[in-house]
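Colleague: Okay, here's the structure, questions in a sec.
Protein chains: 6
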Amino acid sequence: MSEPVQLIPGNSLITATPQEGRELAIKMARLIIKVTQPDAEIREKLRAVYAEDTAMLIAVGQTVATEFATIAAANNYWR
Amino acid sequence: MSEPVQLIPGNSLITATPQEGRELAIKMARLIIKVTQPDAEIREKLRAVYAEDTAMLIAVGQTVATEFATIAAANNYWR
Amino acid sequence: MSEPVQLIPGNSLITATPQEGRELAIKMARLIIKVTQPDAEIREKLRAVYAEDTAMLIAVGQTVATEFATIAAANNYWR
Amino acid sequence: MSEPVQLIPGNSLITATPQEGRELAIKMARLIIKVTQPDAEIREKLRAVYAEDTAMLIAVGQTVATEFATIAAANNYWR
Amino acid sequence: MSEPVQLIPGNSLITATPQEGRELAIKMARLIIKVTQPDAEIREKLRAVYAEDTAMLIAVGQTVATEFATIAAANNYWR
Amino acid sequence: MSEPVQLIPGNSLITATPQEGRELAIKMARLIIKVTQPDAEIREKLRAVYAEDTAMLIAVGQTVATEFATIAAANNYWR
Numbered sequence: 001m002s003e004p005v006q007l008i009p010g011n012s013l014i015t016a017t018p019q020e021g022r023e024l025a026i027k028m029a030r031l032i033i034k035v036t037q038p039d040a041e042i043r044e045k046l047r048a049v050y051a052e053d054t055a056m057l058i059a060v061g062q063t064v065a066t067e068f069a070t071i072a073a074a075n076n077y078w079r
Numbered sequence: 101m102s103e104p105v106q107l108i109p110g111n112s113l114i115t116a117t118p119q120e121g122r123e124l125a126i127k128m129a130r131l132i133i134k135v136t137q138p139d140a141e142i143r144e145k146l147r148a149v150y151a152e153d154t155a156m157l158i159a160v161g162q163t164v165a166t167e168f169a170t171i172a173a174a175n176n177y178w179r
Numbered sequence: 201m202s203e204p205v206q207l208i209p210g211n212s213l214i215t216a217t218p219q220e221g222r223e224l225a226i227k228m229a230r231l232i233i234k235v236t237q238p239d240a241e242i243r244e245k246l247r248a249v250y251a252e253d254t255a256m257l258i259a260v261g262q263t264v265a266t267e268f269a270t271i272a273a274a275n276n277y278w279r
Numbered sequence: 301m302s303e304p305v306q307l308i309p310g311n312s313l314i315t316a317t318p319q320e321g322r323e324l325a326i327k328m329a330r331l332i333i334k335v336t337q338p339d340a341e342i343r344e345k346l347r348a349v350y351a352e353d354t355a356m357l358i359a360v361g362q363t364v365a366t367e368f369a370t371i372a373a374a375n376n377y378w379r
Numbered sequence: 401m402s403e404p405v406q407l408i409p410g411n412s413l414i415t416a417t418p419q420e421g422r423e424l425a426i427k428m429a430r431l432i433i434k435v436t437q438p439d440a441e442i443r444e445k446l447r448a449v450y451a452e453d454t455a456m457l458i459a460v461g462q463t464v465a466t467e468f469a470t471i472a473a474a475n476n477y478w479r
Numbered sequence: 501m502s503e504p505v506q507l508i509p510g511n512s513l514i515t516a517t518p519q520e521g522r523e524l525a526i527k528m529a530r531l532i533i534k535v536t537q538p539d540a541e542i543r544e545k546l547r548a549v550y551a552e553d554t555a556m557l558i559a560v561g562q563t564v565a566t567e568f569a570t571i572a573a574a575n576n577y578w579r
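Respectively, the protein sequence lines represent chains D, X, H, Y, B and A. Residue numbers for the first sequence, in this note's numbering: 1 to 79. Residue numbers for the second sequence, in this note's numbering: 101 to 179. Residue numbers for the third sequence, in this note's numbering: 201 to 279. Residue numbers for the fourth sequence, in this note's numbering: 301 to 379. Residue numbers for the fifth sequence, in this note's numbering: 401 to 479. Residue numbers for the sixth sequence, in this note's numbering: 501 to 579.
This is how it looks when you write it as structure tokens:
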């Protein structure tokens, strides 16, 4: 049996700093794309597309913002 | 009478870990698509479309992020 | 005077289980479309469109996720 | 001086029932469109467009869901 | 050195009424567009575009709904 | 080894005023685009695109609204 894909590095939403929380949000957003499109070669092509497409870059930003909202709440906003 | 479609595996938002919460978010997002388009063959075709379409992969990620926000709150962020 | 359209079955956000909460979210999302486009025949045509359009299926999923977030909070996440 | 456009009927988020909360969400969403496009004739034309466009009907549903989340929280979910 | 653009009139999220909260949400949404596109003439042209485009009017409504959710929470929903 | 990109200026969500919170939201949204498209020249071209495209300007506003919601909660809404 194949191992399940790791969807949250460290299997925790708790991070030491906002910067690390932000990095986690980016990774979590990318891992959903990875699990939906497991072929690394295709993903590489798609990445080339969205890195030069303004609308998609903004959409990526929206997803990261949503993931980060959850992570920030989990960490009591690092107050 | 046909059985209702299962929309939340285990009929609970509580999971042991963030990883399992993330897996639940993915399943919940997919089950909404299943109930809206019950034909498995058509779904398979549509899946082939979005797995190679960057904008749709990002949109899937946005939905999963929204589902996960709810699951994470339900689990008090696994603190 | 015509009766107002029922927008929330049972006029309550409280449900016995997460599964029922999810079913309520789907119904609430559909009832907004019904009230915006009251013609059943046109709705039937539009439904045929979005059931075979990947981007729209994903968008429906996003709306259901948003409705469900509210319902889940109303039910204290069925903890 | 012209009177300001009424953006929230009754100037309150509190409603007696979830049904009334849902109706308020729909009105609030429409009033934003009204204030952005004050010409009633143009609005009528645009309305004809979105009532027969699946993607736009879904987008309207997303906005109503977001407004309703705020109204539901304001009313402690009518628990 | 140029003064920074005012992004929140009054530099506060607190308002006397829901109506004023709604007006603030509209202004905050517009000020983001202003700071992203500082040229008033171009903005005027873009405004003419979105005031007659249904999809964009709905998108403006979505943004205002999101800003308003924050303002409403800040004001404890004017309960 | 290259230094990690700074994703949150000051590595904190806490700001003195709503205005500063809003400025932070704009910066955080931009830094996600920067880390996704590290080439400054390409970013400059993309920026020229979205500054004159109404739909993208609205989408940027949506992302900033989402980031700001998190920052506002972190600061207890500067009450």
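Even glycine gets a Cβ: it sits at the ideal position worked out from N, Cα and C. On a predicted model such as this, the values are computed, not experimentally measured, just so you know.
Quick one: give me the first and last residue of the alpha helix (DSSP H) that threonine 63 (chain D) is part of.
Modeller: Looking at the DSSP string, the run of the alpha helix (DSSP H) that includes threonine 63 (chain D) is 54-74.
Colleague: Assign methionine 1 (chain D) to one of three DSSP states: helix, strand, or coil.
Modeller: Here the model assigns methionine 1 (chain D) a pLDDT of 43, short of 50, so the residue's position is not dependable and the matter cannot be decided.
Colleague: Less than 9 Å between CB atoms is the rule here; does isoleucine 508 (chain A) satisfy it with respect to chain B?
Modeller: No, no contact with chain B.
Colleague: I'd like the span of the alpha helix (DSSP H) that includes isoleucine 333 (chain Y), first residue to last.
Modeller: From DSSP, the alpha helix (DSSP H) with isoleucine 333 (chain Y) extends over 318-336.
Colleague: Assess, as a yes-or-no matter, whether the region 52-69 of chain D is touched by the region 158-170 of chain X under the definition of 3 or more beta carbon pairs within less than 8 Å.
Modeller: The answer is yes - the region 52-69 of chain D touches the region 158-170 of chain X, with three or more Cβ pairs under 8 Å.
Colleague: Classify valine 305 (chain Y): buried if its beta carbon has 16 or more other beta carbons within 10 angstroms, exposed otherwise.
Modeller: With fewer than 16 Cβ atoms within 10 Å of its Cβ, valine 305 (chain Y) is classed as exposed.
Colleague: Would you mind working out which of H:Pro238, H:Met228, H:Ala248 and H:Gly261 sits nearest alanine 129 (chain X), comparing C-alpha positions?
Modeller: For the residues H:Pro238, H:Met228, H:Ala248 and H:Gly261, the minimum Cα distance to alanine 129 (chain X) belongs to H:Gly261.
Colleague: Excluding the 5 residues preceding and the 5 following lysine 127 (chain X) in the sequence, name in chain order all residues of the same chain whose CB lies nearer than 7 Å to its CB.
Modeller: Once the five neighbours on either side are set aside, the close Cβ partners of lysine 127 (chain X) are Pro109.
Colleague: Buried or exposed, going by whether 16 or more other CB atoms sit within 10 Å of the CB of tyrosine 377 (chain Y)?
Modeller: Tyrosine 377 (chain Y) comes out buried.
Colleague: If you compare alpha carbons, which of X:Ile114, X:Glu144, X:Leu157 and X:Ala172 is closest to alanine 251 (chain H)?
Modeller: Per the Cα distances, X:Glu144.
Colleague: Identify the contact partners of valine 164 (chain X) in chain D, using a Cβ-Cβ distance below 8 Å as the criterion.
Modeller: Ordered by position in chain D, the residues that pass the 8 Å Cβ test against valine 164 (chain X) are Ile32.
Colleague: So the candidates are D:Glu20, D:Ala25, D:Ile32 and D:Thr17; which of them puts its Cα closest to the Cα of isoleucine 158 (chain X)?
Modeller: The shortest C-alpha separation from isoleucine 158 (chain X) is found at D:Ile32.
Colleague: Any beta carbon from chain Y within less than 9 Å of threonine 236 (chain H)'s own beta carbon?
Modeller: Yes, threonine 236 (chain H) lies at the interface with chain Y (some Cβ there is under 9 Å from its Cβ).
Colleague: For alanine 555 (chain A), would you say it is in contact with chain D, using Cβ-to-Cβ distances shorter than 9 Å as the test?
Modeller: By this cut-off, alanine 555 (chain A) is an interface position.
Colleague: Quick one: what does DSSP say isoleucine 508 (chain A) is sitting in, helix, strand or coil?
Modeller: Three-state DSSP puts isoleucine 508 (chain A) in coil, outside helix and strand.
Colleague: What separation, rounded to the nearest whole angstrom, lies between the Cα atoms of methionine 101 (chain X) and threonine 136 (chain X)?
Modeller: With a pLDDT of 44 at methionine 101 (chain X), under the threshold of 50, the modelled position of that residue is not reliable, and the figure given next carries that caveat. Roughly 19 Å separates the two Cα atoms.
Colleague: Could you tell me whether any Cβ in chain B is nearer than 9 Å to the Cβ of threonine 515 (chain A)?
Modeller: Not one chain B Cβ lies under 9 Å of threonine 515 (chain A).
Colleague: DSSP on alanine 248 (chain H), reduced to helix/strand/coil?
Modeller: Note: alanine 248 (chain H) maps to helix in three-state DSSP.
Colleague: Let me check understanding here. Comparing Cα to Cα, which of B:Arg447, B:Pro418, B:Ser412 and B:Leu407 lies closest to isoleucine 371 (chain Y)?
Modeller: Residue B:Pro418 is the option with its Cα nearest to isoleucine 371 (chain Y).
Colleague: Judging by CA-CA distance, which residue of H:Ala225, H:Ser212 and H:Asp253 is the nearest neighbour of glutamate 320 (chain Y)?
Modeller: Nearest option by C-alpha distance: H:Ser212.
Colleague: Assign alanine 325 (chain Y) to buried or exposed, taking buried as 16 or more other Cβ atoms, counted over all protein chains shown, within 10 Å of its Cβ.
Modeller: Buried.
Colleague: Taking DSSP as the reference, what is the three-state secondary structure of isoleucine 342 (chain Y)?
Modeller: Note: isoleucine 342 (chain Y) maps to helix in three-state DSSP.
Colleague: Would you mind sorting glutamate 23 (chain D) into buried or exposed? The rule is 16 or more other CB atoms within 10 Å of its CB.
Modeller: Burial call: buried.
Colleague: Can you check whether the C-beta of alanine 473 (chain B) is within less than 9 Å of a C-beta belonging to chain Y?
Modeller: So, interface residue.
Colleague: Using CA coordinates, which residue listed in Y:Leu346, Y:Ile342 and Y:Thr354 is at the minimum distance from arginine 247 (chain H)?
Modeller: Closest by alpha carbon: Y:Thr354.
Colleague: In chain order, what residues of the same chain have a beta carbon less than 8 Å from the beta carbon of methionine 156 (chain X), not counting five sequence neighbours either side?
Modeller: Cβ within range, chain order: Val149 and Tyr150.
Colleague: Below 8 Å on the Cβ atoms is my guess for alanine 473 (chain B) versus isoleucine 414 (chain B); work out the distance and round it to an integer in Å.
Modeller: No, alanine 473 (chain B) and isoleucine 414 (chain B) are not in contact; Cβ-Cβ is about 11 Å, not under 8 Å.
Colleague: Rounding to the nearest angstrom, what Cα-Cα distance links alanine 40 (chain D) and arginine 579 (chain A) in this structure?
Modeller: For alanine 40 (chain D) and arginine 579 (chain A), the distance between alpha carbons rounds to 48 Å.
Colleague: Interface residues of chain D around alanine 569 (chain A) at Cβ under 9 Å?
Modeller: Going along chain D in sequence order, the residues near alanine 569 (chain A) (Cβ under 9 Å) are Ala65 and Ala69.
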